[in-house]
Amino acid sequence: MSHNHRSVTKTSSLKRPRTKESRDGYSPSNAAPSAYGRCPDVATFEKLDRIGQGTYGTVYRARDRRDGRIVALKRIILHHEESDGFPQTSLREVHVLRSAAGHPNVVRLLDVAVSSSARTVPFSGK
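Going left to right, the sequence shown walks through residues 1 to 126 as UniProt numbering numbers them.
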């Protein structure tokens with residue numbers, strides 16, 4: 001028997017509680033904690049230009065508004081059936097990158113950022 005659906009893992013640490021503080025029902029000040037502390041809002045990053053796009057997301061060159069550093073920002077594509085969770089492939093990617101932290105040939109995962117409609121993963125720009 002073949003299954004043609006994608007695995008989705010619902011993680012409360014990557015979703016923010018609904019509030020009446022913003023137009024879309026989300027508030028960065030109420031961001032849920034992640035493995036890196038609190039998940040920043042995607043608005044923390046200023047997109048500068050698009051680097052490329054693949055099956056699982058689009059990568060942008062961006063500036064972190066908090067400290068000005070240049071990062072690679074991967075916006076994960078959420079397919080309709082995955083809108084309530086975080087795609088399993090992306091969770092695996094985050095896990096592998098965290099496991100390989102410090103390796104000279106592997107990009108450094110900085111954080112996981114969220115918005116009401118996207119999951120975004122900022123990487124070191126170096």
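Positions of the beta carbon are idealized from the N, C-alpha and C atoms, including for glycine.
Query, Result
"With 16 other CB atoms within 10 Å as the buried threshold, where does proline 104 fall?", "exposed"
"Rounding to the nearest angstrom, what Cα-Cα distance links glycine 57 and arginine 50 in this structure?", "11 Å"
"Can you list, in chain order, the residues of its chain with a C-beta nearer than 8 Å to that of alanine 62? Leave out the 5 residues immediately preceding and following it.", "Phe45, Glu46, Lys47, Leu48, Ile70, Val71, Ala72, Leu73, Pro122"
"Answer yes or no: do valine 106 and valine 94 have a C-beta to C-beta separation smaller than 8 Å?", "no"
"Please state whether the Cβ-Cβ distance between glycine 68 and valine 59 is less than 8 Å.", "no"
"In angstroms with no decimal places, state the Cα-to-Cα distance between alanine 43 and arginine 66.", "11 Å"
"Which stretch, first to last residue, makes up the alpha helix (DSSP H) that contains leucine 110?", "Note, leucine 110: premise wrong, no alpha helix (DSSP H); not H, not E."
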